[in-house]
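Novice: Just dropping this structure here.
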Amino acid sequence: MTTTLGPADYPLSVRRPDLLRTPTGTPLSDVTMAAVVAGDITNEDLRVSPETLQMQGEISDAVGRRQLAENMRRAAELTAVPDEEVLAIYNALRPRASSRQRLTEIAERLESVHAAPLCAALVRESAEVYEARDLLAPEGE
Amino acid sequence: MTSTLPSSGAAAGPRTSKRTEMLESRPVNLDGFVEEWPEKGLVAMESDFDPAPSIRVENGVIVELDGRPRAEFDFMDTFIADHAIDVDVAERANAVPSDEIARMLVNPTVGRGEVLDLTRGLTPAKLLDVVKLMNVVEIMMAMQKMRARRMPANQAHSTSARDNPIQVAADAAEGALRGFAELETTLGVLRYAPLVAIGLQIGAQAGRGGVITQCALEEATELDLGMRGITGYAETISVYGTESVFVDGDDTPWSKAFLASAYASRGIKMRFTSGTGSEVQMGNAEGRSMLYLEIRCILMAKGAGVQGLQNGSISCIGVPGAVPGGIRAVAAENLVCNMLDLECAAGNDQSFSHSAMRRTSRLMPQMLPGQDLVCSGFSAVPNSDNMFAGSNLDVEDYDDWNTVQRDLQVDGGLRHVRSEEILAVRNRAARALQAVFAELDLPRITDDEVEAATYADSSADYPLREVLEDLKGAQSVMDRGVTGLDLVKILERTGFSDIAENYLQVLRQRVSGDLLQTSAILDADFVPQAAINDANDYAGPGTGYRLTGERWAELKRLRHVTSAENPEEEVS
Amino acid sequence: MDDGSRLVVGVDIGNSTTEACVAAVDAAGRVQRLGSALTRTTGVKGTPDNTDGAVTAVRRALEGARRDPAGLDLVLLNEATPVISGLAMETITETIITESTMIGHNPSTPGGGGLGAGTTVPIDDLVGDAPVPGGPSIVVVPRGWDFDRVAAVLNDAVGRGLELVAAVLAHDDAVLVANRLTGEPAGGAIPIVDEVGAVERVPLGMAAAVEVAAPGRTIRTLSDSYGLASVFGLDPDQTRQVAPVARALTGNRSAVVVRTPSGDVSDRRVPVGELVLTGAGKTLRVDVDAGAEAIMDLLGRVQPLEDATGEPGTHVGGMLAQVRDTMTDVTGQPAAEIRIRDVLAIDTFVPREVRGGLAGEVALENAVALAAMVRTSRSRMQVVADRVAGALHCSARIGGVEGEMAVRGALTTPGTDRPIAVLDMGGGSTDAALLTADGACTAVHVAGAGELVTKLIDSELALDDRDTAEQVKWYPLAKVESFFHVRHEDGTVQFFTEPLPAHVFARVVVMTPDGPVPVPTRHPVDHVRRVRREAKRRVFVVNALRALRQVAPGGSLRMLEFVVLLGGSALDFEIPEMIADALAGHGIVCGTGNVHGTEGPRNAVASGLVDAWATEPAGEQAGELAS
Amino acid sequence: MTGPTTASLREVGPAARGTRPDEVVIAVSPAFADFFTRTIVDVPHAEVLRQVMAGVEEQGVTSRLIRVWDTADLAAIAHTGAKLSGSGICVGLLSRGTTMIHQKDLARLSNLELFPQSPLLDAAVFRGIGANAAQYAKGESPEPVPTRNDQMARPRWQAKAALLHLKEFDRIRAGVKPVEVVLESAPSLAG
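Chains as they are written, first to last, in this note's numbering: chain A, 1 to 141; chain U, 1 to 572; chain L, 1 to 627; chain C, 1 to 191.
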């Protein structure tokens, strides 16, 4: 699949269902009531996969929505991060919640453990700004 | 409608006329009005204290923004400069005279895309400079072209003063049937959330498959309910226009941007919320006008990559509503949201005035040109049951709204529905919820409650529930990890296959991610309609969204219309 | 199953919960238990409405055991007969004050102190320059008077010669006024009673006395008959007449007594109707206002009770009729055939506002709480079995009588042996069953259980909120002494690192698993605890003894050896211990069931059903499965 | 009917931490009984203080007045007062009438009772607030003071409240520590 998706492919669920799989690899077309009743579908199946988010990002880009596309790509990275960790990172990004070192550690972990360089960059950037605006946690906390 | 009449000072003052007495007693005089105080930001959109537009780019980086050098940027400036403004067009776009951009906005021969190519590079002060040139009719004309989705839609609140999940379900079903594309709820007692969110979802799918739902809560629980598939989207992620107010709210543009990615990573549609007046209300407007600060919010949302924004003053509407030109500024903030290519859920969602005339006039700038969501939302319960502290419109206004749509031939997203159809979906929603509660071992919903839900108006019409038992049940829903998929299975098993199928279709959207695109909603065939496949293509008279055909025929119906064929009968 | 064993589920349909136990039984009758599940009973126990709950419980148990429902061979149901219970409470005394003789309420902050006797004077008479009344005066201040103005008017009047000895105020201003009095005696020394809501009804121009005790003390003079006689100069006859007033004021910190020509405080009994008990060939009648003891005595004389009726038009009559009607609806049996088989009466008290009171005075009135119970022999469990079989596509049958199965299940509790009795204390009734050494089984149901306890707690604490009463019943109490610690009802202190929520600050709370929940009462922890324990003792302990006596050979508790507590109430934090204490004197071993050594007091009947079936001859089993 | 129509608060020195366990601190905002003389619905500040103090006094508890200079944030004012209060209990007051009962161990953004709708607070409510604060100080558990809710308060009062808040902000003296104040005006007797 080398061609880039564009507005003609939207909505993927209608125009390109062939491209859609759940995070467990089930094709979207297999997500049916019969499969649900048979117990073949779990809640895990009803999530978006990183590949799908990348495709949606291509569509956003194609219609001139750069920031939305970037968000889709950050989101693709975060699909691998567990719920609790996502919430913990969010809380760490609140004003005066984290030291510079803690933010750096989060960025490193995003990069090395979760292969999430874009999210890591966002966290690193926040550390710069927080330092300049006195929004890091006071020393020793 | 209110507690106190204004003191007229009539007791000892000079004699007044009967006319003055009559006017004094008009509801509009129960509203509060204040003088402007621009030094403190108590001014709608025209202030000498707002900065003049300027921009300077060096090596692809914005080094000056609206008169402020990069070294002096606060975090809003930094975020907007680094994320929101498209640097490649910035200097060129800002060099275009404001009146020229304003004229492009109202000129039907200039396409939406052409305008967007400029607006994506504009600074906050430049955007303000442009909309300041426009009167309210020009703002509406621009809105008609610039809003992202072609077909307008509407959103409702479905809440209960007693957090009664059966009421929420029945009113959600009725709201969905009447045409709302999105339904939102919140709680008095937060621990009720799981049951009320389940009621909202099941009610919505019983009313019209594909309506999406949300439950306004603190971030962690809201995200949790979304991840379980009990709710379908999120909206109450507040952002503010000054650094100090943002920090007071315990957030920053970076924390909110991260949250936006978090929602998208779970396939959940999300928009931010902001609005004029919030900063001055908290005393930290930094001497800027309300609209200037709101434009910073809109740019921040854009920079975060969130697909849309709820704005239109929202819970601070009393502030712009009290200053000169305030409602024009509210319309302008919706327009700027459109100009930045974001989905706009356009307010009209908070108790605004004692005067019916003012309530209507406040609504016109969004209702006439259309918006992605004209209200965010319309109270689909009596305002006494509205846990968002009341809306500009509530169930009492249903017939008025439908009549205005018919009078002016505009589509406000609703329609008249015959009573027996409404009773049928209310009953079915309540029965479905009854079955789900029974299967989940939640406190029983009695047949009396189902009966009450079918015919009720407000929470007072329902039997009281055992609140403690319900709260225990709500906790067990969270503890047991009940998901939307579990609810689908139960609905299927208990004979509500159609609702189950509708619900499953909504859950499937999370796999496709289609609802993450700008202005996406689901139509009755579960086809996502976004500002891509249903992009606004307005190009002057005869183009864009037109109320015609079947939809127009539908909106011609009202509760009482005399039959032309037999004037002794009514059609409805 | 391939290995020749059968997948069997035992289902126990109780009044409030339905339990299922799933097991594999092999050809040799060996039982391998695979799991259990619990759900709410749907409908009244013993009726076709139970099907949904039973099916849910079976499904859930199979899911938990990871077994395919298609592999299910047999569902065993208990023979459950419907038990319907009802509750009523009747207030049987009433306190009435006539001619506004006294104000006996306890404002939280009276002002000043001591005793003042004089004539009642309205404050309006003191405004202006007119001469002040002569003699000792008690000033009466109506609503709408600001405290600063009251003090100023009183000070001015005293300056003009008023002999001010006491005051009675409508608003909560007593301390404020007392602090602002400057005259002789030194400011604040006169007694002031406030928050007298109906102050306009205080007779004026009458002899009266006001008394306020020091904080933490109670009044001495007005609560004493001879004290009143001394204050008002009464003769022996008059003293006899005011004795009830003195009694009514006992324990108060402040009081006002007004001497009117025929003022009185009376305490009368309220006739509330008759209860008619039939049994042992006799029909006996008793007035409900005679109290619980008289009713229970009478009940003892008509055992076994065949029926009970109440006087039509009274609460008791209504309650008994309703129990009968519900049973008719459930079973389709004609009302005339339904018999009330047991009654429990309990003396209680209800705080009630005093009739004729001026300040919302509250008196604890006597009341009788009644629980009644009816059961029928006409069970419709076969219908439930047929429907369960249809819904689950398997065989289903009635596997045994509830009491017998419960005993069988209870017997798997480590350390038990025959003869064994079980006690199952539910919401509406208390059930007991006995299995003797020679295998004979008897079972009884008696009226009164958890619901009645909740009702007693609710009314005695004047909560008027069933949910809160229910929580008081279930969980221990504590007092929130700071944001970081609570003192539990046993006196121990627990500290918290996170501050407790603001709405529980300084409150008496129930320590629920979800955290502390405030109890809306002004009573201290000790009082609430006493009420709770007394309610449990009067219902559960009394009923445990009543029920066990009915199953015990010859009615002698000494003949019992092992008593096992089952059901929800066996999980209560204090009931098992209260019952064990009560039985200890009879040489009985009593404790909470632990079915199969793992299930606790749950699942006795459900697993009993499976065990019973497993011991049946294989031929009979096969016959069941083939059908 | 009675009471002074204007109150003036005289500074008597820096606000110290109280040692009496039977005191409630009443902490007022920078413009209270200063630039402003009345609440948003024209209840005189003198009457507000008289009622709150009477509520405290009736419970046998003493009150101490302080003014907080460096913030107009109600939670911060009330929490500052609570930390200076011998009982740990404080009633915080904004000029427009918004009131809060705070306790020293609570998080700043929490509270014991909050009365956010200033247009709905009258003399009786202020009395009740004083009485409840004193009862908390005594370790008792009063029922929260009942308040009304009015959805239409927003259109009528939201902007005026914002305006009053801005004025209050203007009177902030950054970096100035809280001061103890005494009520100067004596109650006057109405005829």
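Even for Gly, the Cβ is constructed at its ideal location relative to N, Cα and C.
Which same chain residues end up closer than 8 Å to Ile457(L) when comparing Cβ atoms and leaving out the 5 residues on each side of it in sequence?
Specialist: Leu463, Ala469, Val472, Lys473, Val531, Arg532, Ala535
Novice: Give the straight-line distance between the Cα atoms of Arg362(U) and Asp31(U), rounded to the nearest whole angstrom.
Specialist: Taken atom to atom, the span from the alpha-carbon of Arg362(U) to that of Asp31(U) is near 14 Å.
Novice: Could you tell me whether any Cβ in chain U is nearer than 8 Å to the Cβ of Ala162(C)?
Specialist: Chain U, which has a Cβ nearer than 8 Å to the Cβ of Ala162(C), makes this yes.
Novice: If I follow the unbroken beta strand (DSSP E) through Met100(C), where does it start and stop?
Specialist: 99 to 103
Novice: For the region 256 to 274 of chain U against the region 104 to 117 of chain A, are there 3 or more C-beta pairs whose distance is under 8 Å?
Specialist: no
Novice: For the beta strand (DSSP E) that Cys344(U) lies in, which residues bound it at each end?
Specialist: From DSSP, the beta strand (DSSP E) with Cys344(U) extends over 343 to 345.
Novice: List in chain order: all unbroken beta strand (DSSP E) runs of 3+ residues lying wholly within the region 106 to 186 of chain C.
Specialist: 113 to 115, 179 to 183
Novice: Any Cβ of chain L within less than 8 Å of the Cβ of Leu112(C)?
Specialist: yes
Novice: What residues from chain A crowd round Met227(U), counting only those whose CB sits closer than 7 Å?
Specialist: Asp83
Novice: According to DSSP, what are the bridge partners of Cys590(L)?
Specialist: Val563(L)
Novice: Would Val467(U) pass as an interface residue toward chain L - the criterion being a Cβ-Cβ separation below 8 Å?
Specialist: yes
Novice: Let me know the alpha helix (DSSP H) ranges lying completely inside the region 197 to 278 of chain L, each 4 residues or longer, listed in chain order.
Specialist: 225 to 232, 236 to 249
Novice: Could you tell me whether the region 37 to 53 of chain A touches the region 562 to 569 of chain U, where touching means 3 or more Cβ pairs closer than 8 Å?
Specialist: no
Novice: Please report how far the alpha carbon of Gly60(U) lies from the alpha carbon of Glu125(A), in whole angstroms.
Specialist: If you take the alpha carbons of Gly60(U) and Glu125(A), they lie about 17 Å apart.
Novice: Do Ala258(L) and Thr109(L) have their C-beta atoms closer together than 8 Å?
Specialist: At residue 258(L) the sequence reads Val, which differs from the Ala that was named. Cβ atoms of Val258(L) and Thr109(L): not closer than 8 Å.
Novice: Verify whether the separation of the beta carbon atoms of Leu275(L) and Gly332(L) is less than 8 Å.
Specialist: no
Novice: Specify the secondary structure class of Cys441(L) as computed by DSSP and reduced to three states.
Specialist: Strand, per DSSP.
Novice: Looking at the C-beta of Ser482(L), does it have a partner C-beta in chain C at a distance below 8 Å?
Specialist: Against chain C, the CB of Ser482(L) has a partner CB under 8 Å away; the residue lies at that interface.
Novice: Just how far apart, CA to CA, sit His596(L) and Ile420(L)?
Specialist: Distance from the CA atom of His596(L) to the CA atom of Ile420(L), rounded to whole angstroms, is 15 Å.
Novice: Which residues in the same chain have their Cβ closer than 8 Å to the Cβ of Ser379(L), if we skip the five residues on either side of it in sequence?
Specialist: Gly46, Glu79, Ala80, Thr81, Pro82
Novice: Residues of chain U with CB closer than 8 Å to the CB of Phe32(C), please, in chain order.
Specialist: Near Phe32(C) there are no residues of chain U at all, since even the closest Cβ is about 16 Å away, more than 8 Å.
Novice: What is the DSSP secondary structure of Tyr240(U), counted as helix, strand or coil?
Specialist: coil
Novice: Between the region 341 to 351 of chain L and the region 391 to 399 of chain L, can you find at least three pairs of beta-carbon atoms closer than 8 Å?
Specialist: no
Novice: Tell me which residues share the same chain as Glu243(U) and place their Cβ nearer than 7 Å to its Cβ, disregarding the 5 neighbours each side in the sequence.
Specialist: Result list for Glu243(U): Asp74, Phe75, Met76, in chain order.
Novice: Once DSSP output is grouped into helix, strand and coil, what is the label at Met425(L)?
Specialist: strand
Novice: Since Asp42(C) meets chain L, which of its residues come closer than 7 Å, beta carbon to beta carbon?
Specialist: Those do not exist, as Asp42(C) stays about 18 Å from chain L at its closest Cβ, beyond 7 Å.
Novice: Flag this pair as touching only if the region 144 to 158 of chain U and the region 525 to 544 of chain U have three or more C-beta atom pairs under 8 Å; answer yes or no.
Specialist: Touching, yes.
Novice: Which class does Thr613(L) belong to by DSSP, given the choice of helix, strand or coil?
Specialist: Looking at the sequence itself, residue 613(L) is Trp, so the reference to Thr does not match. DSSP, reduced to helix, strand and coil, places Trp613(L) within a helical segment of the structure shown.
Novice: Measuring only the C-alpha atoms, how far is Ala380(U) from Leu423(U)?
Specialist: 15 Å
Novice: Less than 8 Å separating the beta-carbons of Val91(C) and Thr98(C)?
Specialist: No, they are not a contact pair.
Novice: His485(L) lies in the alpha helix (DSSP H); which residues open and close that run?
Specialist: That residue, His485(L), is in no alpha helix (DSSP H); its beta strand (DSSP E) goes 485 to 488.
Novice: Using three-state DSSP, classify Phe272(U) as helix, strand or coil.
Specialist: strand
Novice: Do we get a CB-CB distance below 8 Å when we pair Trp157(C) with the residues of chain U?
Specialist: yes
Novice: Can you tell which of Asp525(U), Asn164(U), Gly377(U) has the C-alpha that lies nearest to the C-alpha of Leu468(U)?
Specialist: Leu468(U) has its Cα closest to that of Asn164(U), out of Asp525(U), Asn164(U), Gly377(U).
Novice: Given that Asp105(C) touches chain L, what residues does it touch there, using C-beta distances under 8 Å?
Specialist: Ser482, Phe483, Phe484, Pro499
Novice: Is the shortest distance between the beta-carbon of Gln434(U) and the beta-carbons of chain L less than 8 Å?
Specialist: no
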